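J.: Protein chains in written order, with the working numbering: chain A, 5 to 294; chain B, 2 to 251; chain C, 22 to 246.
Here a beta-carbon is modelled for each residue, glycine too, at the ideal position from N, C-alpha and C.
Small disclaimer: the values here were computed from a predicted structure and weren't measured.
I am attaching a structure below and will ask some questions about it afterwards.
Right, here's the structure in full:
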């Protein structure tokens, strides 16, 4: 009976807070599902086959014979890490890269490397140093009828909102084709953003400005899958996080919670015990008196 | 008279006066609920992409503050009713509220500090909200010290009721400090974060699934169950004290 | 028959003022403490011109709150030691009148000290502390301190540890006053636009009113017997 006002108050408070929490949530969240390993997270690419393992993420688009893979190689030598990653995962023995560049992104400086463009197998790799070694995100395309390269370059002119200069550089230096041989087509909208498109007789190229950098994708042969590949690779890069393993802090936090609880509940038991002791003493004294 | 002193002590044993059924049910439900919400937070909710595993401590960090809020709120309720009716029972509730609330706010403070180490790269920063939470803890520690310093039981109960009501202001300040001093880096999960908050994350559906049950448990069952046990114990301790005085005066 | 409220309040203030005029132990102790505190701060913080502007409102308020702690303790201890408290309780006046009387007495003494150290700090630190709005803030803040200080000192003076407990009991509860008063003082001092410091000042006034009402309601329970 005495507890009634308290219980009513608490019940009201509960209702209030539930309303707050529920109203703070704006409906259904459309979160990209993520691949999670101990060290990093990569968005899972919808429509791609998921071949991820314990400590690497790997997605394959069978019809394009293309694979995107992210892993951390425990070495500080970027070139060695990329070589090891490509030979272990794809059995590609790389020689000199046909294109090499560096780009500064929010999470650090990435090396951009394109290998064996012109052969049946083309590898486009981004790599950067991290605490646990070298992060390597590789895109490997093994369709004998096509050659694909995906890369990111610093913009030559920050003020420009058009990736054309970077597309020109990439087309020229990787495929040896002048941009003037291609025609500008209508730009297309993909989940990653608005892409500028150039097409030619045997080659197509796409580009998108992101911050002060441009994403560029080029492909010789059937152009069909280029948009899907460029978009998927791009989303992998944008969604890539390296989270240091901090589960030991979680363990410490839980330990502290249990220690404080233990102290609280323990103090109840301890006081109960000393109450009994004193009672026994009192009873004894009363007995002696009597 | 002798008959009375002999028979009374046995009345004080817990076995002689077992907890009511509701309390026993509450205790079991609270323990199961705590295990359940821990499982929700540790196993069911996804790992935060940016903060990693440590983000899960949030499912205890925030609810523990609201548990303290309930406990300290009961101290206010107990204080007001004690002053109005002079019923010792409500003073015991007020005291139990302070002890439980203090333990909960300690959990809140410590888990926050442990979270801050990997996310803010420091154990402690003199942020307004952290400072006011620490002051809240000290206020209630002062309550216990002050209580221990007053010998006369009637005065003690009346003074501590007054102090318990005043002390609640520090709880409200901790809750609303972000609106008073906007330069906090403490993130706000419900509602808009201040501009410079660091370490926030969105309350997505996965987070809500783990957070809401935990919040409700800490807000209601957890403080109420422990406070109830503490109140019952305190009643027997007070009776024992009376008996001791009685025995001494004989 | 009870003495009218205003008359009893006036009588209590008058009594405190007369006692202070004769003994001069309250204001002089508080003022000396405040002066020492300001000097100690300026040595301890090695305040240069720039640091002073940042720190001076904090120095002012920390000094004021410790000085008022000293004063409230002393004032209540006098009441108790000389048996005045019991006499007041026996007198046919309401508890609220005793509270308001003691509150106003404490407020007046602390305000005198505050108004004395403002020009002193202006001279020592070379900052314009004698601003109308700073005086308003100081008056409000001191009134706030006096409100909770009078209530809590009445309590702690009846405990075993006595003087030692007042700072522990009062500092956390006085925090809202301290927080808003420091912000308002800082805002006025830095010449910020009025919109920036009117918020904290309004909040200070609101908190003062809330605490005043709370203390008026609760005072009768700390003065029993």
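Using a Cβ-Cβ distance under 7 Å, would residue 29 (chain B) count as near chain C?
T.: So, not an interface residue.
J.: Note down, in chain order, every chain C residue with its Cβ under 7 Å from the Cβ of residue 143 (chain B).
T.: Ordered by position in chain C, the residues that pass the 7 Å Cβ test against residue 143 (chain B) are 189, 190, 193.
J.: Which of the three DSSP states, helix, strand or coil, is assigned to residue 188 (chain B)?
T.: The answer is coil: DSSP assigns residue 188 (chain B) none of H, G, I, E or B.
J.: Does residue 22 (chain B) get closer than 7 Å to chain A when you measure Cβ to Cβ?
T.: For residue 22 (chain B), the answer is no, since every Cβ of chain A falls outside 7 Å of its Cβ.
J.: Could you tell me which chain B residues have their CB closer than 8 Å to the CB of residue 239 (chain C), listed as they occur along the chain?
T.: Near residue 239 (chain C) (Cβ distances below 8 Å), the residues of chain B are 84, 163, 166, 167.
J.: 7 Å is my cut-off, CB to CB: does residue 18 (chain B) come that close to chain C?
T.: So no, residue 18 (chain B) is outside the interface.
J.: Are residue 243 (chain A) and residue 47 (chain A) touching if we call contact CB-CB under 7 Å?
T.: Closer than 7 Å, so yes.
J.: 7 Å is my cut-off, CB to CB: does residue 219 (chain C) come that close to chain B?
T.: No, its Cβ sits nowhere closer than 7 Å to a Cβ of chain B.
J.: I'd like to check one pair, residue 206 (chain C) with residue 78 (chain C): are the Cβ atoms closer than 7 Å?
T.: Yes, the pair counts as a contact, with Cβ atoms nearer than the cut-off.
J.: Measure the alpha-carbon distance for residue 137 (chain B) versus residue 143 (chain B) and round it to whole angstroms.
T.: Taking the straight line joining both Cα atoms gives about 10 Å.
J.: Who pairs with residue 106 (chain A) in a beta bridge, going by DSSP?
T.: Bridge partners of residue 106 (chain A): A:115.
J.: Could you round the C-beta distance between residue 112 (chain B) and residue 220 (chain A) to whole angstroms and report it? I think they count as a contact, below 8 Å.
T.: Contact doesn't hold; Cβ gap of about 46 Å is too wide.
J.: So the candidates are C:228, C:27, C:208; which of them puts its Cα closest to the Cα of residue 152 (chain C)?
T.: Out of C:228, C:27, C:208, C:208 has the C-alpha closest to the C-alpha of residue 152 (chain C).
J.: Suppose contacts are defined by Cβ-Cβ distances below 7 Å. Is residue 177 (chain C) in contact with residue 232 (chain C) by that definition?
T.: Not in contact: residue 177 (chain C) and residue 232 (chain C) (Cβ atoms no closer than 7 Å).
J.: Hey, residue 165 (chain B) and residue 48 (chain B) are a contact pair by Cβ (cut 8 Å); roughly how many whole angstroms apart?
T.: With a Cβ gap of about 41 Å, residue 165 (chain B) and residue 48 (chain B) do not count as contacting.
J.: Using a Cβ-Cβ cut-off of less than 7 Å, give me the residues of the stretch 57-78 of chain A that come near chain B, in sequence order.
T.: Correct list: empty, as no residue qualifies.
J.: Suppose you measure from the CA of residue 70 (chain B) to the CA of residue 220 (chain B); what does that come to, to the nearest Å?
T.: Computed Cα separation, rounded: 8 Å.
J.: In whole angstroms, give me the CA-to-CA distance for residue 219 (chain C) and residue 74 (chain C).
T.: Rounded to the nearest angstrom, the two C-alpha atoms are 19 Å apart.
J.: Determine the closest residue to residue 140 (chain A) out of A:67, A:232, A:237, A:161, with distance taken between C-alpha atoms.
T.: Considering only alpha carbons, the answer is A:237.
J.: Could you check where the beta strand (DSSP E) with residue 47 (chain A) kicks off and where it finishes?
T.: Element bounds for residue 47 (chain A): 44-47.
J.: Counting Cβ pairs, one atom from each stretch, are 3 or more of them under 8 Å apart for the stretch 99-110 of chain B and the stretch 265-283 of chain A?
T.: Short answer: they touch.
J.: To the nearest whole angstrom, what separates the beta carbons of residue 120 (chain C) and residue 171 (chain C), a pair I think is in contact under 8 Å?
T.: Indeed, because the Cβ distance is near 6 Å, the residues count as touching under 8 Å.
J.: For the beta strand (DSSP E) that contains residue 152 (chain A), what are its first and last residues?
T.: Its beta strand (DSSP E) spans residues 151-158.
J.: Is it true that the CB of residue 72 (chain A) sits closer than 7 Å to the CB of residue 247 (chain A)?
T.: No, Cβ-Cβ distance for residue 247 (chain A) and residue 72 (chain A) is not below 7 Å.
J.: To be precise: take each residue of the stretch 116-148 of chain B, compare its Cβ to all Cβ atoms of chain A, and keep it if any distance is under 9 Å. Which residues remain?
T.: Cβ contacts with chain A: 116, 118, 119, 120.
J.: Under three-state DSSP, which class holds residue 195 (chain B)?
T.: Confidence at residue 195 (chain B) is low in this model, with a pLDDT of 44, below 50, so its placement is unreliable and no value can be given for it.
J.: Just checking my contact of residue 234 (chain A) with residue 154 (chain A) at CB under 8 Å: how many whole Å lie between their CB atoms?
T.: Residue 234 (chain A) to residue 154 (chain A), Cβ: 6 Å. Contact.
J.: State yes or no: is the beta carbon of residue 251 (chain A) nearer than 7 Å to at least one beta carbon in chain B?
T.: True, the Cβ-Cβ gap to chain B drops below 7 Å.
J.: Check whether the stretch 209-217 of chain B and the stretch 25-42 of chain B are in contact - that is, three or more C-beta pairs closer than 8 Å.
T.: Because the criterion of three Cβ pairs below 8 Å is met, the stretch 209-217 of chain B and the stretch 25-42 of chain B touch.
J.: If we require 4 or more residues per run, which alpha helix (DSSP H) segments fall completely within the stretch 77-101 of chain A?
T.: Runs of the alpha helix (DSSP H) inside the stretch 77-101 of chain A: 82-94.
J.: Return the CA-CA distance between residue 197 (chain B) and residue 187 (chain B), expressed in angstroms with no decimal places.
T.: At residue 197 (chain B), the pLDDT of 48 sits below 50, so the modelled position is not reliable and the matter cannot be decided from this model.
J.: Hey, does residue 194 (chain A) have any beta-carbon neighbour from chain B nearer than 7 Å?
T.: False, the Cβ-Cβ gap to chain B never drops below 7 Å.
J.: Quick one: list the residues of chain B neighbouring residue 245 (chain C), beta-carbon separation under 8 Å, in chain order.
T.: Going along chain B in sequence order, the residues near residue 245 (chain C) (Cβ under 8 Å) are 155, 156, 159.
J.: Which whole-angstrom value describes the C-beta separation of residue 170 (chain A) and residue 128 (chain A), a residue pair presumed to lie in contact below a C-beta threshold of 8 Å?
T.: The Cβ separation is near 15 Å, so there is no contact.
J.: Classify residue 214 (chain A) as helix, strand or coil using the three-state DSSP reduction.
T.: DSSP places residue 214 (chain A) in strand when its eight states are reduced to three.
J.: Can you find the residues in the same chain that come closer than 8 Å, C-beta to C-beta, to residue 157 (chain A), ignoring five residues on each side of it along the sequence?
T.: Excluding sequence neighbours, residue 157 (chain A) sits near 105, 107, 116, 170, 173, 174, 217, 218, 220.
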